[in-house]
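Enquirer: Respectively, the protein sequence lines represent chains A and B. Residues 7 to 113 (this note's numbering) make up the first sequence, in order. Residues 7 to 113 (this note's numbering) make up the second sequence, in order. Think of the CB as a built atom: it goes at the ideal place given N, C-alpha and C, for glycine as much as any other residue. Just so you know, these numbers come straight off a predicted model, no measurement behind them.
There are 2 protein chains.
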Amino acid sequence: MLKGHLDAIVLAALETGPAHGYAIIEAIKSRSGTTFDLPEGTVYPALHRLEQAGWLASNWMTQSGGRRRRVYALTKSGTAALADGRKAWRRFAEAVNASLGGRTWPA
Amino acid sequence: MLKGHLDAIVLAALETGPAHGYAIIEAIKSRSGTTFDLPEGTVYPALHRLEQAGWLASNWMTQSGGRRRRVYALTKSGTAALADGRKAWRRFAEAVNASLGGRTWPA
DNA sequence: TTCCATACCTAGCAACGCTAGGTATCCAGA
DNA sequence: TCTGGATACCTAGCGTTGCTAGGTATGGAA
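1) Taking only beta-carbon positions, decide if B:G23 is within less than 7 angstroms of chain A.
2) What would DSSP say about B:R74, mapped onto helix, strand or coil?
3) Using 10 angstroms around the beta-carbon of A:R37, count the other beta-carbons present and answer buried if the total reaches 16, otherwise exposed.
4) Give the secondary structure of B:L20 by DSSP, where H, G and I count as helix, E and B as strand, and everything else as coil.
5) Mapping the DSSP letters down to three states, classify A:L80 as helix, strand or coil.
6) Helix, strand or coil: how does DSSP classify B:L44 here?
7) Under three-state DSSP, which class holds B:W66?
8) Leaving out the 5 sequence neighbours to the left and right, which residues in its chain are closer than 6 angstroms to B:L106 when beta-carbon positions are compared?
9) Assuming B:S38 is part of the alpha helix (DSSP H), what are its boundary residues?
10) Rounded to whole angstroms, what's the CA-CA distance from B:E100 to A:L17? Just pull it up for me.
11) Strictly below 8 angstroms CB to CB, what residues from chain B border A:I15?
12) Any Cβ of chain B within less than 7 angstroms of the Cβ of A:G10?
13) Would you kindly work out how many angstroms separate the C-alpha atoms of A:R97 and A:R74, rounded to a whole number?
14) Quick check on this structure: which residue in B:W66, B:V49, B:A63 and B:W95 has the alpha carbon closest to the alpha carbon of B:H11?
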């Protein structure tokens, strides 16, 4: 369960440059230290949703072998959405930390 | 949206002692700095679910005026569930922070 | 030639939290 | 007096979200 922050995580994975779906999944897994090993059924629909929202733009790329990949890139509003997502995450995380009490926050 | 961590937040609100539903809502609002102003339709079903799971025990208390309150208390397994919830939150928060990159984590 | 990794897709489900409605008591103010 | 707001509880049903489980197809290695 990604608890509603999947969009921001996907957008963040594209911040360093365009990538195709499969690579995005790998990037998220790697960045999260394998904690987020997302099934394709989670990521592909999310990419479609984000493109629908205007936060991503996609292009079909054909490899030399004839293999097709869909490469996604952040749009301008996608970059803004990512910034919003980071703020929302931070606010949320602080509120949860305060609510849970104790030493939930790492040094 | 509480993104799946509502249970832990409710359990944490009861860590300092038994309380009734309405007071729990107030406690969560206060602890979170008003970020979590949860509707009753969120909290009451959650309390029922947590009791069903054996993490809370409830007793009807009748006030002097004849007013009824249902007071919830953490059970032993509820305390354990809270500890698990804290660990889960911490792991999740660290993975999101790593995935989002940038300075999402406060000093 | 068989298998695995790569690479994409979608229908349908389950869980979660919220909306929106309901009931009832207590107390302050008009 | 009586009206409204705070207190205090409840639930049916909805929308979103992410996942399961199935499908298609190519490339390369064993």
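Expert: Inspection of the coordinates gives the following:
1) In the second sequence, the residue the question calls residue 23 of chain B occupies position 17. No, no contact with chain A.
2) Residue mapping note: residue 74 of chain B aligns to position 68 of the second sequence, counting from 1. B:R74 falls in the strand class under three-state DSSP.
3) Sequence index remark: in the first sequence, residue 37 of chain A carries index 31 (1-based). It is buried - the Cβ of A:R37 has at least 16 other Cβ atoms within 10 Å.
4) Translated into the one-based positions of the second sequence, residue 20 of chain B becomes position 14. If DSSP states are grouped into helix, strand and coil, B:L20 belongs with coil.
5) Residue 80 of chain A sits at position 74 when you count from the first residue of the first sequence. Residue state, collapsed to three classes: strand.
6) Translated into positions along the second sequence, residue 44 of chain B becomes position 38. Reduced to three states, the DSSP call for B:L44 is coil.
7) Position 60 of the second sequence, counting from 1, holds the residue named residue 66 of chain B. Note: B:W66 maps to strand in three-state DSSP.
8) Taking the second sequence and counting its residues from 1, the one referred to as residue 106 of chain B is at position 100. Here the set comprises nothing.
9) Taking the second sequence and counting its residues from 1, the one referred to as residue 38 of chain B is at position 32. That residue, B:S38, is in no alpha helix (DSSP H); it is neither H nor E in DSSP.
10) Stepping through the second sequence from its first residue, residue 100 of chain B is reached at position 94. Stepping through the first sequence from its first residue, residue 17 of chain A is reached at position 11. B:E100 and A:L17: Cα-Cα distance of roughly 18 angstroms.
11) In the first sequence, counting from the first residue as 1, residue 15 of chain A sits at position 9. The answer, in chain order, is V102, S105 and L106.
12) Within the first sequence, numbered from 1, the residue matching residue 10 of chain A stands at position 4. By this cut-off, A:G10 is an interface position.
13) In the first sequence, the residue the question calls residue 97 of chain A occupies position 91. In the first sequence, the residue the question calls residue 74 of chain A occupies position 68. A:R97 and A:R74: Cα-Cα distance of roughly 40 angstroms.
14) Translated into the one-based positions of the second sequence, residue 11 of chain B becomes position 5. It is B:W95 whose Cα lies nearest to the Cα of B:H11.
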